[in-house]
Amino acid sequence: MALLGHRFFQNRWTLLGIMLFLTVGLFASSTLGWLWYADKRASAARQSSLDLLWMEQIISNKLGTQQVMLQNWALDLRPDSKQSRAEFIQRADELIKENHAILAVEIVDEQNQRLIGVPQFDERPKQLPPLSDPLVQDAIHQSRSQNSAIYSRVIEQFAPLWVLALPNSNEQHPLHRIIVTYDLNKLLTQEVPWWFVQRYDLSLVDENDKQLSPSEGGIVNHHQQSNRIDFGPSGSGLSLKTSVRTVQNFDNLLIGLAVAVLFFGILIIWLLRLLQRWIKERKAAQQALRERDVLLQHTAHLSSLAEFASGMAHELNQPLAAIANYAAAAECLIEANEIDSPKIKQAVEKMGEESRRAGKIMHSMRNLIQKSAAPHEMYSLSRLVHEAIELIEVQAKHLHIRIDLMFNMEDTQIRCDAVMLKQVLFNLMRNALDSMKTESMKNEKNKIEHPHHKLGEHPQKLCLVIERNDRQIEISVVDQGEGIQNMDKLFQAFYTTKSDGMGFGLAICRTVIENHGGKIWAENNPNGGAIFRFRLPLETEQT
Ligand code: ADP
1 MALLGHRFFQ NRWTLLGIML FLTVGLFASS TLGWLWYADK RASAARQSSL
51 DLLWMEQIIS NKLGTQQVML QNWALDLRPD SKQSRAEFIQ RADELIKENH
101 AILAVEIVDE QNQRLIGVPQ FDERPKQLPP LSDPLVQDAI HQSRSQNSAI
151 YSRVIEQFAP LWVLALPNSN EQHPLHRIIV TYDLNKLLTQ EVPWWFVQRY
201 DLSLVDENDK QLSPSEGGIV NHHQQSNRID FGPSGSGLSL KTSVRTVQNF
251 DNLLIGLAVA VLFFGILIIW LLRLLQRWIK ERKAAQQALR ERDVLLQHTA
301 HLSSLAEFAS GMAHELNQPL AAIANYAAAA ECLIEANEID SPKIKQAVEK
351 MGEESRRAGK IMHSMRNLIQ KSAAPHEMYS LSRLVHEAIE LIEVQAKHLH
401 IRIDLMFNME DTQIRCDAVM LKQVLFNLMR NALDSMKTES MKNEKNKIEH
451 PHHKLGEHPQ KLCLVIERND RQIEISVVDQ GEGIQNMDKL FQAFYTTKSD
501 GMGFGLAICR TVIENHGGKI WAENNPNGGA IFRFRLPLET EQT
């Protein structure tokens, strides 16, 4: 599993795919998330302003209803009638009991002295503002001068208080005023339904955004999404304000979104680093491979250089040996004071001939290795074969091996690199002689060990068979040697079974024959020995 995962992450395209997928996914999800969040906020803001408007309407209606009710009760009130006063007090008492926000309902006369009121007391309770309070006095005064209901400014005393001065419609006492004291904290909490409290924090603020109610706790975070609406009499500067509690949830959502973005961002960066490392490793591997390649080419170059040098040495060996032999013969004649002998001249001529041949071999070999177009010439096949035999004849005689040439056809001209083709024939014949030499040595040994053994009594012979048909000529070198030991490696460079061999003769033969568009192969003769054959297309000679 781990291996699978490793391979999975080792694949550059898989990594790129994941990164692309994550990046697009991240972009799409964060955009969609943000749009969703913005939409939620906008609809929450819309809903909150509607809810706030509704809330303000509820409170204003309530206050308005109470106002009308109190003014009606005051209309029936005759301050000098004990029963009427008791009736007013009873009604006001019930109103206070039902509305905890109302702290007191009082009637004041022209001198702003309390005539009657609820609660009843001997000494004015401390939570009620004194009637002499300038803000209360101011409200009463304005109510008289404008003959309308006037709310005082907020009186901050234990709790934020609001004093309402209502005109008295009773014609007998037009300057009497109904004074209602509201506890604003209670007013807000009393009228707010549960679902509103769940969704919002409701507060009353003045024109300086100072929170008047609730006087403690409640509203804590003014940075939250909030709405406000004017409240109370115009010009009072009061506003009801809501802060959406559920915004906190949205904020949590936003934080969640940010965390997710961060997580995916880190994941992408991690994958990016993985990809970078992968590309780096890959580049290093490729570089190493390139360096190795340069070293694989260098070696190959050396190898072909070595092959060239070895091949050259192999092919030049014979003419050089011949030159050395002729030189030795000439030296012997000179030492024997046979300076005038025509043999010396002959030896010197032969040395010149062999050295020219060595030069030609070098030239042909260079062309062969460089694979440049060989300088082919029209050459008599018969001449070519005879010249090749001439090269090997001395060696063959020395080994008492007869060379039989079977040239049962008319001579033909072939277009070829004659020097190298002669070398091919020479190499094949020399190998044949070597093989027969080994075989005859074995036979000699046999003769000594088994004197009556008949083997080797017949002289060995090397057959050169030249045949042709319309399309090609075929030359076979048939020997009576030990036979081929390893058919597969035969034509490989450096393959040799001889102690003094270089393993290049056959490799060169194949190169030369293939260079002439021909083919060379070998087989073991069922009667003993080996047969090397090669074919050359006659098209070559026609061109
Ligand atoms: P070299 O002569 O230096 O060994 P060659 O390429 O000419 O190189 O020959 C390679 C090998 O092929 C020889 O060593 C020998 O084992 C085998 N071979 C070539 N010609 C013959 C042959 N006529 N009979 C048997 N084996 C042969």
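The UniProt record's numbering puts the first residue of the sequence shown at 1, with every later residue one more than the last.
Each residue gets a CB set at the ideal place from its N, CA and C atoms; glycine is no exception.
Under a Cβ-count criterion, where at least 16 other Cβ atoms within 10 Å of its own Cβ denotes burial, should His-100 be classed as buried or exposed?
Exposed.
Only counting the same chain, and skipping five residues up and downstream in sequence, which positions put a Cβ closer than 6 Å to that of Glu-523?
Contacts found: Ile-531.
Grab the span of the alpha helix (DSSP H) containing Glu-390 for me, first residue to last.
Per DSSP, Glu-390 belongs to the alpha helix (DSSP H) from 381-398.
Please identify the residue among Ala-74, Ser-152, Ile-473 and Val-192 whose C-alpha is closest to the C-alpha of Gly-235.
Comparing Cα-Cα distances from Gly-235 to each of Ala-74, Ser-152, Ile-473 and Val-192, the minimum goes to Ser-152.
Just the C-alpha distance for Thr-299 and Arg-366, rounded to the nearest angstrom, thanks.
Legend: pLDDT at Thr-299 = 40, less than 50; position of this residue unreliable, value from coordinates given subsequently. Spanning the two alpha carbons is a distance of roughly 20 Å.
Just curious, the beta strand (DSSP E) that Gly-117 is in, first and last residue?
114-118 is the span of the beta strand (DSSP E), which, as asked, contains Gly-117.
Taking its Cβ as the centre, do 16 or more other Cβ atoms sit within 10 Å of Thr-181, making it buried, or is it exposed?
The residue in question, Thr-181, is buried, as its Cβ has 16 or more Cβ neighbours within 10 Å.
Is there at least one non-hydrogen atom of the ligand ADP closer than 7 Å to the beta-carbon of Leu-490?
Leu-490 Cβ: within cutoff of the ligand ADP.
Figure out for me which residue from Ala-358, Val-68 and Glu-110 has the closest Cα to the Cα of Ala-92.
The option with the nearest alpha carbon to Ala-92 is Val-68.
Following a CB-centred definition, is Glu-482 positioned closer than 7 Å to any heavy atom of the ligand ADP?
Answer for Glu-482: yes, Cβ within range of the ligand ADP.
Report the residue ranges of all beta strand (DSSP E) runs contained in full by the region 176-245; include only those spanning at least 3 residues, in chain order.
Within the region 176-245, the complete beta strand (DSSP E) runs of at least 3 residues are 177-183, 200-205, 211-213, 226-230 and 239-244.
How close, in whole Å, do the beta carbons of Thr-242 and Ser-43 come, if the pair is a contact with beta carbons under 8 Å?
Thr-242 to Ser-43, Cβ: 15 Å. No contact.
Just checking Ala-507 against the ligand ADP - is the residue's beta carbon closer than 7 Å to any of the ligand's heavy atoms?
True, at least one ligand heavy atom lies under 7 Å from that Cβ.
Measure the alpha-carbon distance for Phe-308 versus Met-487 and round it to whole angstroms.
Roughly 24 Å between the two C-alpha positions.
Once DSSP output is grouped into helix, strand and coil, what is the label at His-453?
With a pLDDT of only 46 at His-453, under 50, the local geometry of the prediction cannot be trusted, and no value is derived from it.
Rounded to whole angstroms, what is the Cα-Cα separation between Trp-162 and Asn-170?
When rounded, the distance between both Cα atoms is 24 Å.
Determine contact between the region 19-27 and the region 265-275, defined as no fewer than three beta-carbon pairs at a distance below 8 Å.
Yes, the region 19-27 touches the region 265-275.
Could you tell me which residues DSSP pairs with Glu-523 in its beta bridges?
Looking at the DSSP assignment, Glu-523 forms a beta bridge with Ile-531.
Cβ atoms of Arg-510 and Phe-491: under 8 Å apart, would you say?
Cβ atoms of Phe-491 and Arg-510: closer than 8 Å.
Can the beta-carbon of Leu-52 be found less than 8 Å from the beta-carbon of Asn-227?
Contact: yes.
Give a yes or no on whether the C-beta atoms belonging to Lys-350 and Glu-387 are separated by under 8 Å.
No, the Cβ-Cβ distance between Lys-350 and Glu-387 is not below 8 Å.
In whole angstroms, what is the alpha-carbon distance linking Ala-336 and Gln-346?
Approximately 16 Å, taken between the alpha carbons.
Taking 7 Å as the line, does the beta carbon of Gln-485 fall inside it for any heavy atom of the ligand ADP?
Answer for Gln-485: yes, Cβ within range of the ligand ADP.
Beta carbon of Ile-401, beta carbon of Lys-461: below 8 Å?
Yes, these two residues count as a Cβ contact at 8 Å.
Indicate whether the contact test is met: 3 or more Cβ pairs, each with one atom in the region 104-113 and one in the region 191-199, closer than 8 Å.
With a cut-off of 8 Å, the region 191-199 and the region 104-113 do not count as touching, because too few Cβ pairs lie within range.
Tell me which same chain residues have a C-beta within less than 7 Å of the C-beta of Ser-240, skipping the five on either side of it?
Checking the sequence shown, residue 240 turns out to be Leu, not Ser. The answer, listed in chain order, is Leu-52, Met-55, Glu-56, Leu-202, Leu-204, Arg-228, Ile-229 and Phe-231.
Would you mind stating whether Leu-212 and Val-154 have Cβ atoms separated by less than 8 Å?
In this structure, Val-154 lies closer than 8 Å to Leu-212 by Cβ.
Just the C-alpha distance for Ala-38 and Gln-66, rounded to the nearest angstrom, thanks.
Ala-38 and Gln-66: Cα-Cα distance of roughly 42 Å.
Roughly how many angstroms separate the alpha carbons of Glu-106 and Glu-123, rounded to a whole number?
Approximately 14 Å, taken between the alpha carbons.
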